[in-house]
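Number of protein chains: 2
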Amino acid sequence: MAALAGVSTGTASKALNGRGALRPETRQRVQQAAEQLGFVANAAARSLQTGRTYTVGMITTDSIGRFSIPLLIGAEDALGAGQMSVFLCDARDDPIREQYYLRTLLSRKVDGIIVTGRRTQARAPIGVGLPVPVVYAFISSADPRDCSVVPDEIDGARRAVQHLLAVGRRRIAHVTGPEHHHSATVRARATAETLAAEGLQPAAPTLYGEWSEAWGRQAAGILLSTGADVDAVFCGSDQIARGLVEGMQAAGRSVPADVAVVGFDNWDVMVDGCRPALTSIDMDLEGIGRSAAELLLATINGNPVHGRQTRPCRLVPRASTAV
Amino acid sequence: MAALAGVSTGTASKALNGRGALRPETRQRVQQAAEQLGFVANAAARSLQTGRTYTVGMITTDSIGRFSIPLLIGAEDALGAGQMSVFLCDARDDPIREQYYLRTLLSRKVDGIIVTGRRTQARAPIGVGLPVPVVYAFISSADPRDCSVVPDEIDGARRAVQHLLAVGRRRIAHVTGPEHHHSATVRARATAETLAAEGLQPAAPTLYGEWSEAWGRQAAGILLSTGADVDAVFCGSDQIARGLVEGMQAAGRSVPADVAVVGFDNWDVMVDGCRPALTSIDMDLEGIGRSAAELLLATINGNPVHGRQTRPCRLVPRASTAV
DNA sequence: ATGAAAGCGCTAACAT
DNA sequence: ATGTTAGCGCTTTCAT
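Chains as they are written, first to last, in numbering that gives the first Met the number 0: chain A, 0 to 322; chain B, 0 to 322.
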């Protein structure tokens with residue numbers, strides 16, 4: 000290729016990378032030759048020389064899914080601008096696999112690693128004294144020195160409750176996932192505290208169950224059969240909320256007239272599929288992914304950021320809480 | 000590291016890669032030294048030497064989502080066994096982005112490329128005369144010489160109809176997505192042909208609409224208001240099917256007693272969320288991904304496979320068609 | 001059974 | 001402004 004352009008390889012390198020002091024016409028001649036031959040620089044050789052790969056690894060500890068994808072897209076967004084690519088590794092909640100992928104990423108000399116998962120709960124650091132920076136996204140690291148970007152679930156729950164209060168509801172119940180699940184307890188506590196701050200009691204004790212529509216339907220039955228006086232329910236997930244709406248309707252209650260309902264996740268297929276469309280809390284997963292990638296870039300570029308960063312949630316009002 | 004083990008770099012390389020003729024004790028000593036130092040071979044240097052990267056690129060033309068993920072997991076499965084990793088690139092349906100990623104992958108000297116997308120329709124080849132093998136998964140290439148792995152949607156539709164016949168239904172309607180959508184028309188035609196082969200007419204003309212629950216609900220209304228005599232509906236997607244079930248129930252029809260319903264995709268959150276649980280057609284996306292990766296590996300290893308490979312679908316019976 | 005040395009394709013420092 | 005050259009870290013002949 001350098002031969003075709005009639006220059007040395009060194010000159011060609013400078014021409015293609017916009018470095019050095021070259022005559023514009025030389026630069027152009029090289030670019031033309033590269034074009035003509037479909038030449039693309041060998042990234043491996045470049046990495047070997049420069050020590051940078053312009054690649055970051057992303058390890059999702061839980062199986063790739065609804066949460067990982069927006070995180071990935073957000074990260075790609077932030078990294079794509081810097082011409083960097085993402086290596087996605089699905090560890091499937093298996094520590095062996097996780098360490099295997101970690102080794103793979105290290106052998107590939109990625110410039111950094113983003114660790115994500117399905118739960119927001121803090122997890123053991125993926126490694127100590129690693130030769131590359133690591134940022135945790137959505138999940139956080141148990142080591143407070145590590146950099147983590149997580150949704151502010153307390154903020155999310157607060158927004159949900161305050162929205163229900165704003166549309167005039169006072170007898171608010173909370174239905175959520177398993178009690179041993181971090182998100183469930185965090186959101187439940189924030190719900191209770193927000194109500195308490197307004198001088199209100201929950202309309203019923205928090206109902207813990209599964210993250211499923213079936214549980215939402217069941218929970219509707221429980222609320223009605225215990226005769227709880229409820230005019231709104233904040234649910235820990237959109238699936239629970241959708242099930243609950245169906246359960247309420249099956250029992251002759253109208254949503255939102257009799258009972259207003261707020262979900263959590265703002266998962267399109269759930270909020271749109273629900274009749275009426277579901278008001279929900281959006282954790283802005285893309286934003287979290289973007290933010291994590293930006294912090295990783297900062298660290299790579301020598302401006303390390305430490306600690307747990309939280310990002311606010313957003314309420315998306317829809318018909319299920321319309322006044 | 001070689002120094003720690005007291006050998007030359009050449010010997011160390013042989014020890015770690017299980018090549019050459021070494022004394023077992025030497026081999027062990029090197030492995031120990033590597034362990035101790037947390038040494039991992041630099042993949043870039045290795046690639047430079049061997050010309051192989053043990054990496055394949057995966058370009059999804061549509062935004063990463065419900066279809067791409069199982070395909071990716073299947074591909075990872077097949078490739079992981081061979082110690083290969085996957086570079087996931089989301090071209091977001093943008094040809095510019097797609098070509099950009101193609102260049103990136105080529106510069107990274109991936110051993111092969113898998114191209115996927117959200118639609119099964121044939122697409123223009125991603126490039127011609129590429130220096131690496133390419134396999135299309137789920138989508139197919141318009142060039143019949145290219146290797147593509149696609150679901151046999153005709154088979155899927157046939158299984159759906161035959162299942163409905165097997166549970167005693169005769170007045171079968173079909174509700175599906177947009178008429179300009181390849182999958183919609185292919186499945187509709189196969190539905191009609193399967194019925195015809197049994198000497199039956201569709202209970203109503205095919206209803207084309209959107210891939211949404213809302214359309215399913217609406218379609219139920221249309222079927223009922225036109226007075227069509229229907230005892231079963233095969234829907235082009237699980238979302239449509241779920242909406243249709245709700246619409247039928249809202250109009251006082253019982254599923255499956257009055258109307259049996261079959262969906263398409265076997266998407267867990269839809270089939271489980273639906274009451275009654277939804278019988279559906281599974282395209283085995285993971286299998287398609289795995290298959291594509293295996294064919295890619297074969298091609299990389301010098302046994303190229305050409306042409307469009309179809310893979311059968313699977314019917315998963317649930318309560319919505321229970322007898 | 002092991003070591004020495006060449007070279008993969010590129011970049012960067014230095015020479016011209 | 002351009003060419004020359006020495007490595008980056010590994011694998012792989014070829015000697016020993």
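All C-beta atoms in this analysis are idealised placements derived from N, C-alpha and C, irrespective of residue type, glycine included. Since we're looking at a predicted model, the values are computed, not measured.
- The C-beta separation of Ile153(B) from Val185(B) comes to about 6 Å, placing the pair in contact by the 8 Å criterion.
- Leaving aside the five residues that flank Gly286(B) on each side, the residues in its chain whose CB is nearer than 7 Å to its CB run, in chain order, Gly73 and Arg310.
- For the pair Asp283(B) and Arg65(A), the Cα-to-Cα distance works out to about 19 Å.
- Counting along the chain, the unbroken beta strand (DSSP E) around Val148(B) starts and ends at Cys146 to Pro150.
- It is roughly 23 Å from the alpha-carbon of Glu209(A) to the alpha-carbon of Ile68(A).
- The C-beta distance from Thr10(A) to Leu21(A) rounds to 7 Å, short enough to fall under 8 Å.
- Between the alpha carbons of Glu178(B) and Tyr207(B) lies a distance of about 6 Å.
- The beta carbons of Asp61(B) and Arg102(B) sit no closer together than 8 Å.
- Nearest in C-alpha terms to Gly17(B), of all of Val6(B), Gln30(B) and Ser7(B), is Gln30(B).
- By the Cβ-count criterion, Val322(B) is exposed, with fewer than 16 other Cβ atoms from all chains shown falling within 10 Å of its own Cβ.
- Counting C-beta pairs closer than 8 Å gives three or more between the stretch 141-151 of chain A and the stretch 289-297 of chain A, which meets the contact rule.
- Listed along the chain, the chain A residues whose CB falls inside 8 Å of the CB of Val39(B) are Arg102, Leu105 and Ser106.
- DSSP lists no beta-bridge partner residue for Ala80(A).
- For Gln308(B), DSSP records a beta bridge to Val148(B).
- Ser211(B) carries a coil assignment under DSSP once its states are collapsed to helix, strand and coil.
- Scanning Ala42(B), Thr49(B) and Ile63(B) for the CA closest to the CA of Thr54(A) turns up Ala42(B).
- By the Cβ neighbour-count rule, His305(A) is exposed, with fewer than 16 other Cβ atoms within 10 Å of its own.
- The stretch 249-265 of chain A makes contact with the stretch 228-238 of chain A, as at least three CB pairs between them are under 8 Å.
- Looking at the DSSP output, Arg122(B) bridges to Ser140(B).
- The secondary-structure analysis by DSSP pairs Arg313(B) across a beta bridge with Asp281(B).
- Per DSSP, Val185(A) lies in no beta strand (DSSP E) segment; the continuous alpha helix (DSSP H) that holds it begins and ends at His181 to Ala196.
- For Val85(B), the nearest CB of chain A lies under 8 Å from its own CB, placing it at the interface with that chain.
- Under the three-state reduction of DSSP output, Ala4(B) falls in the helix class.
- By the Cβ neighbour-count rule, Ser84(B) is buried, with 16 or more other Cβ atoms within 10 Å of its own.
- The contact set of Glu197(B) on chain A, defined by CB atoms closer than 7 Å, is empty, because the minimum CB distance reaches about 33 Å.
- DSSP places Gly242(A) in the uninterrupted alpha helix (DSSP H) bounded by Asp237 to Ala249.
- The residues His173, Thr175 and Thr205, in chain order, have a CB closer than 7 Å to that of Ala187(B) in the same chain once the five nearest residues on each side in sequence are set aside.
- Distances from the alpha-carbon of Ala231(B) to those of Ala213(B), Pro255(B) and Gln217(B) put Pro255(B) closest.
- According to the DSSP assignment, Gly272(A) belongs to the alpha helix (DSSP H) that extends over Asp267 to Gly272.
- Our two residues, Arg96(B) and Ile58(B), have alpha carbons roughly 10 Å apart in a direct line.
- The C-beta of Glu34(A) has fewer than 16 other C-beta atoms within 10 Å across all chains shown, which makes the residue exposed.
- About 6 Å separates the beta carbon of Leu243(A) from that of Ala218(A), a gap short enough to meet the 8 Å contact definition.
- Counting along the chain, Ile95(B) sits inside the alpha helix (DSSP H) bounded by residues Pro94 to Ser106.
- If the five residues before and after Leu15(B) are omitted, its C-beta is found closer than 8 Å to the C-beta atoms of Val29, Gln30, Ala33 and Ala40, all from its own chain and listed in chain order.
- Inter-residue distance for Arg158(A) and Ala165(B) is about 52 Å (C-alpha atoms, whole angstroms).
- At a beta-carbon threshold of 7 Å, the residues of chain A lying near Ser46(B) are Ala43, ordered along the chain.
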